[in-house]
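Residue numbers (my numbering): 753 to 1119.
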Amino acid sequence: MATLADPRIDFTRVDHPAPTSAPARVQAIADPGFGKVFTDHMVTIEWSDGRGWHDAMIGPRGPLTLDPAAAVLHYAQEIFEGLKAYRLADGAMALFRPDENARRFNASADRLAMPTLPDETFIEAVRRLVEIDREWFPTVEGGSLYLRPFMFASEAFLGVRPAKHYKFLVIASPAGNYFKSGVPAVSIWVSQDYTRAAPGGTGAAKCGGNYAASLVPHAAAVARGFDQVCFLDAAEHRWIEELGGMNVFFAFDDGSLITPPLGGTILPGITRDSLIRLAREEGLEVREERYSLGQWRADAASGRLVECFACGTAAVVTPIGRVASDDGEFTVGGGGPGQLTTRLRARLVAIQRGEAEDRHGWVTRVD
Ligand SMILES: Cc1ncc(COP(=O)(O)O)c(C=O)c1O
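Printed below as a string of structure tokens:
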């Protein structure tokens, strides 16, 4: 189990003048859904050119005051992360691989011409928020506390260049199930007209603009009756990339797995990386290689493809059942959760919740 390094920045703590009452909080965390309920506190840290990071504070969560010329509102210089705090069997709170979120945050910062934040400050900021708002941990089965660190350009300036002032924040949201319907398998619409990211673009960065651009294709998938959109590559419109917010895996009848390779156009998912390792430890062959929509359809039809699943922090591991595009529809395996999907999900969840041995040092206790 990893221990936390000493923070380099001192955080000022400001007490909340009017925290949520216990009965209101208990009601809010009973069935919070996803992304709708927020805790009482937040972390803020300022960055300015010449001064670096300063004024780190953990205090009451509340609205921000922004100049209408703030660069983020015009040129979308913004990045974020998403990770969860889990409750371990002994009641302690824990984070899953927060060092990887810190690393990816800084990779996103580099791509968006933003300042990087020391990894230990990122982790310490998240840790402090979990500590102060631990009473907000949801009581619903399988719940977690979702943490959203983010940074944006706050400088009031309309010239197109990297801003000279930024704000880093962390907010927290009690979370139940990501998918409203709580369905055992998701249905996927593969978009053959919209793409998510082109080579040389920002596909590997977790920047808000990527998600803004995915809203129309996602809405088009939902309008056709599907849960999620799946993107193809921008050059050939042929290779599977990822879903709007999850990576994908394909499992074959010989026990091997394929997942699309990282190459700058997909998000390097931490769940993806964890599953690759867990599967390889089981002796399964995992190939990070390109897989086409045509092959997907052919392999589903022949029975060579037995399972298919999506993965990410919010939904962990979710089986993919029905798949469709302008070329027609097909179903993978039995259309529901397969054995491998179920097993890998259970193994990962057990590690995250401290029910299985943490042989990789992935779990960081908060208290
Ligand atoms: C576009 C995209 N792909 C994949 C993922 C999965 O990444 P992770 O497993 O780190 O949550 C996410 C979620 O963060 C995402 O937004």
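Note that beta-carbon positions come from the ideal geometry of N, C-alpha and C, so glycine has one too.
On a predicted model such as this, the values are computed, not experimentally measured, just so you know.
- Note on geometry: alpha-carbon atoms of P1071 and Q980 lie some 12 Å from one another.
- With fewer than 16 other beta carbons inside 10 angstroms of its own, A776 counts as exposed.
- By the neighbour-count criterion, in which 16 or more other beta carbons inside 10 Å mark a residue as buried, V1115 falls on the buried side.
- Remark: C-beta atoms of R1074 and S925 do not approach each other more closely than 8 Å.
- Relative to the Cα of T954, the nearest Cα in the group Q1047, E876 and L1019 belongs to L1019.
- Contact check for Q829 and A949: beta-carbon distance about 18 Å, past the 8 Å limit, so the pair fails to qualify.
- Q980 sits in a strand when the DSSP states are folded into three classes.
- Remark: the shortest separation between the CB of E994 and any heavy atom of ligand 1 falls under 7 Å.
- The beta carbon of Y827 sits closer than 7 Å to those of V912, all from its chain and outside the five residues before and after it, given in chain order.
- For D851, the number of other beta carbons within 10 angstroms of its own is at least 16, and it is reported as buried.
- Distances from the CB of I1010 to the heavy atoms of ligand 1 are all 7 Å or more.
- Shown here, E830 sits in a strand according to DSSP, grouped into three states.
- Using a C-beta cut-off of 8 Å, the segment 1028-1037 makes no contact with the segment 962-981, since fewer than three inter-stretch Cβ pairs fall below that distance.
- In terms of Cα proximity to V968, the closest of R856, L847, D945 and A987 is D945.
- One Cα belongs to V1084, the other to V1058, and the distance between them is close to 6 Å.
- Residue range D871 to I884 is occupied by the alpha helix (DSSP H) that includes V882, with no beta strand (DSSP E) assigned at that position.
- The beta carbons of Y898 and K836 sit about 5 Å from each other, so the pair counts as a contact at 8 Å.
- The segment 1009-1027 makes contact with the segment 1089-1105; the number of CB pairs closer than 8 Å reaches 3 or more.
- Going by beta carbons, Q1104 and Y918 fall outside the 8 Å limit.
- Sorting F786, D792 and R1117 by C-alpha distance to the C-alpha of G834 places F786 at the top.
- Between the C-alpha atoms of F1082 and A937 there is a straight-line separation of about 14 Å.
- The C-alpha of V1069 is placed about 17 Å away from the C-alpha of F1004.
- Residue pairing by DSSP places V922 opposite V795 and P901 in a beta bridge.
- A direct Cα-Cα distance of roughly 14 Å separates T764 from R813.
- For a cut-off of 8 Å, the C-beta gap from L881 to V795 is around 5 Å, short enough to register as a contact.
- For C1060, the distance from the CB to the nearest heavy atom of ligand 1 is not below 7 Å.
- In this structure, DSSP gives I761 a state outside helix and strand, which the three-state scheme calls coil.
- By the neighbour-count definition (other C-beta atoms within 10 Å, threshold 16), G1021 is a buried residue.
- The C-beta distance from E1107 to A780 rounds to 27 Å, too long to meet the 8 Å contact threshold.
- In this structure the segment 995-1011 touches the segment 1060-1067; the number of beta carbon pairs closer than 8 Å is three or more.
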